[in-house]
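Below is one structure, written out as structure tokens; the observations come after it.
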Amino acid sequence: MRTELVQNPLLSAPILRFRPFLHLIFWAGYVAFFALMNGQETLADALRAELLLLPVKVAAVYITLYVLIARLLFRGFTTRFGLALLALLLGAALLQRVMVYYVVYPLHYPDGSYTLFAFVNYQHIVRLLLSVTGVVLLASVIHVTRHWYQDQQRTEALAKEKLSAELKFLKAQIHPHFLFNTLNNLYALTLKQSGQAPEVVLRLSGLLNYMLYDASASHIALSREIECIHNYLALEKIRYGEDLDITFDVTGNLEACRIAPLLLLPFVENSFKHGVSSRISDKWVLINLHVNPPFLTLKVENSRPVPSTEKEPAYAGGIGLRNVRRRLHLLYPGRHDLEILAHPTTFLITLQIDLS
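Residue numbers (our numbering): 2 to 357.
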């Protein structure tokens, strides 16, 4: 699975994405800063000294970044990393002392006397150790911070991909489930040889168009979801005729409201699944949708068969409700409230969503 990282606009500029250029800026800035801070020599002498010692510091930095940190620290070998880093810094400090004593000093003081006793100057060695430690520490902090930032981006991208994949899977479940129920309705109408076939086809066409095209978007206009519900209710009304009383009221300000597709329809479908049983003499479905931006409130209530004398299993909801519960949790975490009440003769679902 390929994961695309969201790049920081500042870091995505072509010139800054060229890593050698970034490294060149770092080292140029380092040399210039310490040459200017050296008050004991002329600027030219200070620059020359820094440039002569630069290869040692460069080697120490890149060995630390791409060998010690990459192969030891990032793999959890912290003790080995600490010992190896200490050995590297001491070796770099001694090597710098050799270069200072036998290269830099003779260039500055060609008539000087350079003995082994004078070479072993602990004060100078400690100063060089602190110098190389400083640049290695600075580069390491930048490197580790960048690595941590990229890991965070990668983790967030993977989490988003996982969420997107789960939502697509849940939405894919709705399509065949809903189509199966709709085709069952159409089959029932054909058995009745209903003369309302043109309207049935028109309504079904509207539903399929919505499911095939609009439902693929992450969010759609609320009016499109409502239109889909109207089409579904029209099909159910044709199917049941006068045996079923359907009421659908929409109030409030719908303009500019957007919602995840196929989020409200499963609740409506569920009301017909459980509210039009042959055991019910007075079948009815009452749907109320109210929008008071940014809040949407949906109430779906339907008749329910009178419980028989035998113990019936508690209602848990089918695939439609389980699916929509999960989608609500993923799409509107902490921004929705779903209440399901099963009374002896009625079933009520109340959903409130913060669409902001």
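The beta carbon of each residue, even a glycine, is placed where N, CA and C say it ideally should be.
These figures come from a predicted structure and were not determined experimentally.
- In chain order, P267 place their CB closer than 6 Å to the CB of V325, counting only its own chain and leaving out the 5 sequence neighbours on each side.
- Check the Cα spacing between N122 and each of Y102, V62, L139: the tightest is with Y102.
- Rounded to whole angstroms, the gap between the alpha carbons of D338 and R323 is 15 Å.
- Taking 8 Å as the upper bound for CB-CB distance, V57 and Q97 are in contact here, some 5 Å apart.
- Considered as a whole, the segment 20 to 68 harbours 20 to 38, 44 to 64 as its complete alpha helix (DSSP H) runs of no fewer than 4 residues, in chain order.
- A distance below 6 Å between beta-carbons, with the five flanking residues on each side excluded, links L297 to the following residues of its chain, in chain order: I354, L356.
- In the pairwise beta carbon analysis, the segment 246 to 255 is classified as touching the segment 221 to 238: at least three pairs are separated by under 8 Å.
- Just so you know, the alpha carbons of P345 and L331 end up roughly 32 Å apart.
- DSSP places H231 inside the alpha helix (DSSP H), whose first and last residues are 223 to 241.
- S206 counts as exposed, since fewer than 16 other beta carbons sit within 10 angstroms of its beta carbon.
- Straight-line measurement puts the Cα of L130 at about 10 Å from the Cα of Q124.
- For H291, the beta-bridge partners assigned by DSSP are T252, T298.
- Judged by DSSP in its simplified three-state form, F348 adopts strand.
- For the pair N303 and V292, the CB atoms are not nearer than the 7 Å cut-off.
- Considering only S219, A158, R225, G196, the residue with the shortest C-alpha distance to N210 is R225.
- For H275, the enclosing alpha helix (DSSP H) begins and ends at 266 to 276.
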